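Engineer: Could you have a look at this structure, given as structure tokens, before my questions?
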């Protein structure tokens with residue numbers, strides 16, 4: 458088991474955002490969390506990456522409790538978070554954004570290899586490597602955000618709404634790339650509004666409702682499940 462959340466509670470002031478959630482991800486899997494807006498999906502990712510402090514419970518990563526670790530230490534351990542809304546540095550070039558992803562690393566030769574890997578996955582970024590990130594299209598900015606996340610050499614990649622605001626053809630491309638990243642050996646936790654696409658891509662899924670895990674199962678089973686279809690897949 459690569460990561461396990463055990464009875465995790467998160468509050469925003471008096472709002473109880475995550476109510477004792479527990480789940481796990483095995484090495485090599487793509488796991489997706491789906492649910493309505495405000496269900497607690499983004500909060501779950503923030504709790505794992507150390508951006509949001511948990512009130513109680515524990516988060517175990519490769520056997521180590523990281524629930525009190527700083528966000529920087531968590532990146533150093535091998536967890537990278539690609540946030541909702543891309544959050545790239547728009548007044549820096551594509552190349553500078555990717556360099557920011559590797560800021561904790563000292564292995565210069567390996568960093569060089571990883572730049573090449575990112576450019577193999579995203580040839581368009583290579584064409585635009587000296588361009589200001591703010592001038593890229595939405596799809597290219599999403600590619601850059603994922604590429605920057607990969608530059609920290611993560612064992613676990615957290616993706617928050619990678620399809621948001623993108624044209625269907627670009628969404629398809631992004632999801633193909635997510636599968637490729639996984640095949641290369643990176644475990645992925647995917648939070649996604651596009652439940653259909655997420656379930657077609659993932660191995661397993663957790664459906665979160667009002668801060669609690671409501672349904673869990675193999676993604677292909679949930680795709681066929683009537684209740685899930687009605688509630689999350691538009692019938």
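In my numbering, the protein residues as written are 458 to 692. Glycine included, every Cβ here is placed at the ideal spot set by N, Cα and C. Keep in mind it's a predicted model, so treat the numbers as computed, not measured.
(1) Per the contact definition of three or more C-beta pairs closer than 8 angstroms, is the region 516–529 in contact with the region 662–679?
(2) Going by Cα to Cα distance, which pick from 662, 636, 612, 509 is closest to residue 643?
(3) With a threshold of 7 angstroms on Cβ separation, who are the neighbours of residue 632 within its own chain once the five nearest residues in sequence on each side are excluded?
(4) With a threshold of 8 angstroms on Cβ separation, who are the neighbours of residue 550 within its own chain once the five nearest residues in sequence on each side are excluded?
(5) Apart from the five residues just before and just after residue 461, which ones in its own chain have a Cβ nearer than 6 angstroms to its Cβ?
(6) Return the CA-CA distance between residue 542 and residue 528, expressed in angstroms with no decimal places.
(7) Looking only at its own chain, which residues have a Cβ that is under 8 angstroms from the Cβ of residue 651, when we skip the five neighbours before and after it?
(8) Please determine if the region 492–512 and the region 529–539 are in contact, where contact requires at least 3 C-beta pairs separated by less than 8 angstroms.
(9) Please determine, among 681, 484, 472, 604, the residue with the shortest C-alpha to C-alpha distance to residue 581.
(10) How is residue 666 classed by DSSP in three states: helix, strand or coil?
(11) In chain order, what residues of the same chain have a beta carbon less than 6 angstroms from the beta carbon of residue 663, not counting five sequence neighbours either side?
(12) If you measure from the CB of residue 483, is any heavy atom of the ligand MN nearer than 7 angstroms?
(13) Just confirm the distance between the C-beta atoms of residue 559 and residue 608, as a whole number of angstroms; I'd bet it's less than 8 angstroms.
(14) At what residues does the alpha helix (DSSP H) containing residue 601 begin and finish?
(15) Leaving aside the five residues before and after residue 498 along the sequence, list all residues of the same chain whose C-beta is less than 7 angstroms from its C-beta, in chain order.
(16) Apply the 10 Å Cβ neighbour rule to residue 606 and answer buried if 16 or more other Cβ atoms are within range, or exposed otherwise.
(17) Does residue 649 come out as helix, strand or coil in the three-state DSSP assignment?
(18) Taking the CB atoms as reference points, tell me whether residue 512 and residue 469 lie closer together than 8 angstroms.
(19) Let me check understanding here. Comparing Cα to Cα, which of 478, 523, 485 lies closest to residue 501?
(20) May I have the straight-line CA-CA distance separating residue 584 from residue 593, to the nearest angstrom?
(21) Looking at C-alpha atoms only, which residue of 637, 678, 687, 459 is the closest neighbour of residue 520?
(22) Using beta-carbon positions only, say whether residue 598 and residue 545 come within less than 8 angstroms of one another.
(23) Just tell me which of 567, 635, 523 has its CA closest to the CA of residue 578.
(24) Just the Cα atoms here: how many angstroms apart are residue 474 and residue 466?
Structural biologist: In short, the structure shows the following:
(1) no
(2) 612
(3) 654, 658
(4) 586, 587, 588, 589, 590
(5) 481, 517
(6) 19 angstroms
(7) 620, 628
(8) yes
(9) 604
(10) strand
(11) 480, 490, 670, 673
(12) Because no ligand of any kind appears in the structure shown, any question about the ligand MN cannot be addressed here.
(13) 4 angstroms
(14) 595–607
(15) 490, 492, 648, 665
(16) buried
(17) coil
(18) no
(19) 478
(20) 11 angstroms
(21) 459
(22) yes
(23) 635
(24) 7 angstroms
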